[in-house]
Amino acid sequence: MNRSRRAAVHRSLASVLTGALIAMAAVVGVGAPASAAGAALTTTEAPRSGGTVTVTGSGFAAVDPGVYVGFGPAGLPGFYAGSSAMLDVVWVAPKNVDGTGDAGRTAHLAADGTFSVTFSAPAHTAGAALAVYTSKAHGQGFADPSQNTTQAVAYAPAPAQQTSTTLAISPIGTAVEGAEVSLTATVAPAAAGTVTFSDGASPLGSAPVEGGVATLKTSSLAVGARSLAASFAPADTAAFTASSSDAVAYTVTAKPTVPVDPEPEEPAQPQQASVVVSKTTGLNPAGETVTVTGSGFLPNAPATDATRRPLATDTGTTFGGAYVVFGSFADSWKPSEKAPSATRSVLSQMWALLADDVPKLGNAASSAVVVNTDGTFSTELVLTQDDAKAIANGTWGVYTYAAGGAVYAPFETATPVTFAAAPVEPQPEPQPEPQPGPKVTVTPSAALDPAQDNVLTVAGTGFTGPGAANGAYVLFGETSIWSGGENNPLPAAGWIAQAHVPSEKSGGLRNGAFSITLTVPAGALDASKSYQVVTSAAHGLSEKNRSLDTFTPIAVAQPSKPFVGFPQSATVQPGGTLQIVGGGFVPGDLVTATAFSEPVVIGTAAADASGRVSFSWAVPASFAAGSHTLEMSVNGVAVASAPFSVVAAIVPPAVEVPAAQPSCVARSVSGATIQWGVKESFRSYITGAIAKGEISGGWGTGSGAFSPENDRGRVSFGGAVHYTGHDGLLDVTLSNPRIQITGQNTAALILNVQSKGFNGSPDVNANGVVFANLSLPAATESAGRVSWNGAGATLTAAGAEAFAGFYEAGDALDSVSFTFPLGAEVACDGTTDATLAATGGDAPAGTLWLGIGTLLLGALALSIARRRVEA
């Protein structure tokens, strides 16, 4: 009981401490320290009934503040993100000792990066799974993931369950030799596996266990006394034990001898003849020769004897043979079925007969084919389609039947054939007009100088067709990022510069043409690498539609002297991160970066094989705003410098309704309610598989004033809705909605908008933004309150900027419902008097939505990149 209370206290302390560190990291930001290589965990098994688990760590950075080691359910997203679910937490650091204090459990981190701690695992339950999580302590794991590990903890396996096997035999006790005997084994409990049946030491066979029963039937038991048994082998040896039945004595008696009368012999059945035709389809209707091969044409006197001359004479008869013919025959044509000769129209014919009988044909011997002694023959027939000689509803084919007057069904065969259609002179297919494909030119065409900003003008033509429905992407980056081709969608990550050309409908493309500029910042290019400008179909079409793909190589010149560049931006806020690149150095030079006005040494790095160095500087929150210089030096001598600026976050002025002198009487409003979900598709995106984010918060009650007489009023609501996604990259809050009613059927929805900056762009903190126009239904008035249910909402231009162009002004939002409880009379102001009415105004779009637009474009790029990985 004491241990459980301590664990609960530790979990509570860990959750509070972790939550505070998360909040601190979100506000202050943490620089990225050097990584420790090879951090790893090993654990012992958790006793199945609950007990101690020992966790051993190695390869951890033996420096303050050390690491947090958390023990909890498996499947958490990491130590900090899953801290609220941890069962226990230990702070492991070089200066700590093993024990428990005010800060919870602590343990020592050895100088070689190793430690050992124990946790108490609960007893195993169905579906239970545990894991150990580590991260750099005191919130530093947010910026430095080098100490992040996760190790599953396995429960000890359950002991195998004992089984028993019994054998039953039917018939009971004895059976006659050769009779079927059924052996049935019953396994308890009903475990899956196999039962092997045996007669003494000799196996009889095996059968699977189904529903606790396995059965084998045999008729091969030898005469005499038998000893039968069954042995069970479980499929899961960890869950069940093997078992064997007791031996069962069994007697097999000899089968009695009974005299058997011989069966009368069946008379031999005549062999059915068969024919193979070398070609049966697509025959030339003007005439084509085929080979006919027959077998089974054996004499069977007297049925096959001729009854007409020349093979039948007064002195005797002989084998009549068979006619081999081509013609048009009715469905019922066989002589053995008494079909008249009118059912057979013969166009060509051969007579198959014995060699000794060929001379008897006289002049007709030229149409004879010899039947070999084994009943086979081979001959040729010319097949010609003569429709004038075809019988009605007849079938063209090669047929055989008994000749010389004999009627013998086994010689009757039919092999249908078909003729090719008369050739038709092909008409030349019209050739489509050649469609111009997309083409791109880039200026300037000279090699780019990596030491300066480069502005590329990209002009395109031929960007038409279904692929241009969403416009086109224009991107600049390394050649290795993408080469196009089928099943190779456009990646979103890794590009140095990119732009979107809207569609023809949106006014971007003009008859498939565009011209746009891309700026490549100084320091973003490495002369040792190759680069290109590429184009692609935009938005969702970039995944599969390759019709707008173009690739234009861009040359990069070697730098003539050392330089300093800022590949992302030369402007940064206090507390932000400034990315710095230097080039043109001698490989191996030790280059030191220093920020002025007041010198701050950022660090020293060795130039790589292409003469480049890079630094990532977390600008102190106290660093003065203004213009500064970044200098790089080698051996204490300054060799290159470049200006940069530190600017405070942009906070646009709030746009609120000015006060007005009362000129009428209105009613006070308090306890007002509002129901609005913003936009269903936006919510689905945030919580879906791409952004993997969350929506929190809600709208509060409102207060203000409303004039039923003037159909005007303004009510302000509390509360906020917070949208996060892409691991915090997307972070937007909409708060304090205001409903400004301007007429019987019109109103405006006003919001405050806050957004975290992205990639060096400033944060946004804007108040009083007219976000949507409302189309009001008829109001419902009852019991001192007025309500509007399902008011239509359309996005304003300022609201559209919040979605970075993914939604356009005029697009429908979720409908809005709200209720105003009406109180005492109050003096009118500019919100309730038509003569003084004011609805607020849009904040300046160019600055207000700069941060949000950049943020959502970045989030889009990230989501596309993640879809590539997860697909």
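Residues -25 to -1, 1 to 846 (mature numbering (1 follows the signal peptide of the UniProt record, and there is no 0)) are what the sequence shown spells out, left to right. Beta carbons are placed, not taken as given, at the ideal position from N, Cα and C, and that holds for glycine.
**Q.** Residue burial classification, residue 537 (beta-carbon count within 10 angstroms, cutoff 16)
**A.** To locate residue 537, count along the sequence shown from 1; it is residue 562. Around the beta carbon of residue 537, a 10 Å sphere encloses 16 or more other beta carbons of the protein chains shown; the residue is thus reported as buried.
Q: Could you work out which residue in 728, 206, 107, 304 is closest to residue 57 when comparing CA atoms only?
A: The residue given as residue 57 occupies position 82 in the sequence shown. The option with the nearest alpha carbon to residue 57 is 107.
Q | Alpha carbon of residue 483 to alpha carbon of residue 446, nearest angstrom | A | Within the sequence shown, residue 483 is the residue found at index 508, counting from 1. Within the sequence shown, residue 446 is the residue found at index 471, counting from 1. About 7 Å.
Q) When burial is assigned at 16 or more other CB atoms within 10 Å of the CB, is residue 215 buried or exposed? A) Start at 1 with the first residue of the sequence shown, and residue 215 comes out as number 240. For residue 215, the number of other beta carbons within 10 angstroms of its own is at least 16, and it is reported as buried.
Q | Residue range of the unbroken beta strand (DSSP E) whose run includes residue 353 | A | Within the sequence shown, the letter at position 378 stands for residue 353. Taken as a continuous stretch (DSSP letters only), the beta strand (DSSP E) holding residue 353 covers 352 to 358.
Q | Rounded separation between residue 773 and residue 480 - CA only | A | The residue given as residue 773 occupies position 798 in the sequence shown. The residue given as residue 480 occupies position 505 in the sequence shown. So the alpha carbons of these two residues sit roughly 20 Å apart.
(Q) Which of the three DSSP states is assigned to residue 206 in this structure? (A) Taking the sequence shown and counting its residues from 1, one reaches residue 206 at position 231. It is a strand residue.
Q. Among the residues of its own chain, which have a CB less than 6 Å from the CB of residue 461, if the five just before and after it don't count?
A. Residue numbering aside, residue 461 sits at position 486 when the sequence shown is read from its first letter. In the same chain as residue 461, and ignoring 5 residues on each side of it, no C-beta atom comes closer than 6 Å to its own.
Q. Is the beta carbon of residue 540 less than 9 Å from the beta carbon of residue 497?
A. Counted from its first residue, the sequence shown places residue 540 at position 565. Counted from its first residue, the sequence shown places residue 497 at position 522. With a cutoff of 9 Å on beta-carbon distance, residue 540 and residue 497 are scored as near each other.
(Q) I need the boundaries of the alpha helix (DSSP H) containing residue 657, first residue and last residue. (A) Here residue 657 is taken as the residue at index 682 of the sequence shown, counted from 1. Counting along the chain, the unbroken alpha helix (DSSP H) around residue 657 starts and ends at 655 to 662.
Q. By DSSP, does residue 341 sit in helix, in strand, or in coil?
A. Walking along the sequence shown from the start, residue 341 turns up at place 366. Residue 341 falls in the helix class under three-state DSSP.
Q | Three-way DSSP call (helix, strand, coil) for residue 333 in this model | A | If you number the sequence shown from 1, residue 333 lands on position 358. When secondary structure is reduced to three states using DSSP, residue 333 falls in the helix class.
Q) With DSSP run on the structure shown, which of helix, strand or coil describes residue 634? A) Taking the sequence shown and counting its residues from 1, the one referred to as residue 634 is at position 659. Caution is warranted here: a pLDDT of 47 is assigned to residue 634, below 50, making its placement in the model unreliable, and the coordinate value is therefore given only provisionally. Shown here, residue 634 sits in coil according to DSSP, grouped into three states, outside any helix or strand.
Q.
Distance check for residue 341 and residue 328, CA to CA, integer angstroms please.
A. On the sequence shown, position 353 is the one that residue 328 refers to. On the sequence shown, position 366 is the one that residue 341 refers to. Approximately 12 Å, taken between the alpha carbons.
Q: With hydrogens ignored, establish whether the beta-carbon of residue 102 is closer than 8 Å to any heavy atom of the ligand GDP.
A: As presented, the structure is devoid of all ligands, the ligand GDP included, so that no description of it is given.
Q: Could you please give the first and the last residue of the uninterrupted beta strand (DSSP E) stretch that includes residue 607?
A: Here residue 607 refers to the residue found at position 632 of the sequence shown. 601 to 609 is the extent of the beta strand (DSSP E) around residue 607.
Q.
Whole angstroms are fine: how far does the CA of residue 661 sit from the CA of residue 635?
A. As a first step, residue 635 must be located in the sequence shown, where it is residue number 660. As a first step, residue 661 must be located in the sequence shown, where it is residue number 686. For residue 635, the pLDDT reaches just 44, beneath the cut-off of 50, and the residue's location in the model is therefore unreliable, although a value from the coordinates is still provided. Distance between the alpha carbons of residue 635 and residue 661 is about 41 Å.
Q: Return the bridge partner residues of residue 302 from the DSSP annotation.
A: For the purposes of this step, residue 302 is identified with residue 327 of the sequence shown, where counting begins at 1. Bridge pairing for residue 302: 321, 372 [DSSP].
Q: Counting only runs of 3+ residues fully inside the stretch 721 to 772, write out the beta strand (DSSP E) ranges in chain order.
A: Scanning the stretch 721 to 772 for uninterrupted beta strand (DSSP E) segments of 3 residues or longer gives 721 to 730, 739 to 750, 755 to 757, 760 to 770, listed from N- to C-terminal end.
Q. Which residues in the same chain as residue 175 place their Cβ atom closer than 6 Å to its Cβ, once the five residues preceding and following it in sequence are excluded?
A. In the sequence shown, the residue the question calls residue 175 occupies position 200. Within the same chain, Cβ atoms closer than 6 Å to the Cβ of residue 175 are found at 202, the five residues on either side in sequence being excluded.
**Q.** Alpha carbon of residue 473 to alpha carbon of residue 553, nearest angstrom
**A.** Counting from 1 along the sequence shown, the entry for residue 473 is found at position 498. Counting from 1 along the sequence shown, the entry for residue 553 is found at position 578. Roughly 20 Å separates the two Cα atoms.
Q: Mind listing, in chain order, the continuous alpha helix (DSSP H) runs of no fewer than 4 residues lying wholly within the stretch 551 to 586?
A: List check, alpha helix (DSSP H) in window: nothing returned.
Q. Closest to residue 848 by CA distance: which of 246, 384, 336, 335 is it?
A. Lying before the first or after the last residue shown, residue 848 is absent from the chain, which here runs from -25 to 846.
Q. According to DSSP, is residue -4 helix, strand or coil?
A. For this step, residue -4 is matched to residue 22 along the sequence shown. Caution is warranted here: a pLDDT of 39 is assigned to residue -4, below 50, making its placement in the model unreliable, and the coordinate value is therefore given only provisionally. Helix, per DSSP.
**Q.** Host beta strand (DSSP E) of residue 650 (start-end)
**A.** As a position in the sequence shown, residue 650 is number 675, starting the count at 1. 640 to 650 is the span of the beta strand (DSSP E), which, as asked, contains residue 650.
Q | Status (buried if at least 16 other CB within 10 Å, exposed otherwise) for residue 526 | A | Position 551 of the sequence shown, counted from the first residue, corresponds to residue 526. Exposed is the call here.
Q: Identify, in the order they occur along the chain, each residue of the same chain with its Cβ nearer than 6 Å to the Cβ of residue 750, setting aside the five sequence neighbours on each side.
A: As a position in the sequence shown, residue 750 is number 775, starting the count at 1. Closer than 6 Å at the Cβ level, and outside the excluded window around residue 750, lie 767.
**Q.** Alpha-carbon spacing of residue 186 relative to residue 142, whole angstroms
**A.** Sequence index remark: in the sequence shown, residue 186 carries index 211 (1-based). Sequence index remark: in the sequence shown, residue 142 carries index 167 (1-based). As the crow flies, the alpha-carbon of residue 186 is around 15 Å from that of residue 142.
Q: Take the Cβ of residue 312 as the centre, count every other Cβ of all protein chains shown within 10 Å, and call the residue buried at 16 or more, exposed below.
A: For the purposes of this step, residue 312 is identified with residue 337 of the sequence shown, where counting begins at 1. Note on residue 312: under 16 other CB atoms within 10 angstroms of its CB, so exposed under the neighbour-count rule.
Q. For residue 198, which of 168, 154, 170, 219 has the nearest alpha-carbon?
A. Taking the sequence shown and counting its residues from 1, the one referred to as residue 198 is at position 223. That would be 154, whose Cα lies nearest to the Cα of residue 198.
Q.
My assumption, with CB atoms under 8 Å, is that residue 847 sits in contact with residue 396. Please give the rounded CB distance.
A. A query on residue 847 cannot be resolved here, the shown segment of the chain reaching from -25 to 846 and no further.
Q. Where does residue -5 land, buried or exposed, given buried means 16+ other C-beta within 10 angstroms?
A. As a position in the sequence shown, residue -5 is number 21, starting the count at 1. Note that residue -5 has pLDDT 40, beneath the 50 cutoff, so the model's placement of it is unreliable and no number is given.
Q) Exposed or buried, what is residue 111 when buried is set at 16 or more other beta-carbons lying within 10 Å of its beta-carbon? A) For the purposes of this step, residue 111 is taken as residue 136 along the sequence shown, with counting starting at 1. Residue 111 is buried by the Cβ-count criterion.
Q: Give every residue of the same chain whose Cβ lies closer than 6 Å to the Cβ of residue 10, excluding the five residues on either side of it in the sequence, and list them in chain order.
A: By 1-based counting over the sequence shown, the position of residue 10 is 35. Reliability of the predicted coordinates at residue 10 is poor, the pLDDT of 36 falling under 50, and the value obtained from them is presented with this limitation in mind. 121, listed in sequence order.
Q | Cβ-Cβ separation, residue 16 to residue 109 (assumed contact under 8 Å), whole Å | A | Along the sequence shown, one-based indexing puts residue 109 at 134. Along the sequence shown, one-based indexing puts residue 16 at 41. That belief holds up - the Cβ atoms of residue 109 and residue 16 are roughly 7 Å apart, short of 8 Å.
Q. Which residues in the same chain have their Cβ closer than 7 Å to the Cβ of residue 562, if we skip the five residues on either side of it in sequence?
A. Working through the sequence shown from its first residue, we reach residue 562 at position 587. Closer than 7 Å at the Cβ level, and outside the excluded window around residue 562, lie 582, 583, 584, 586.
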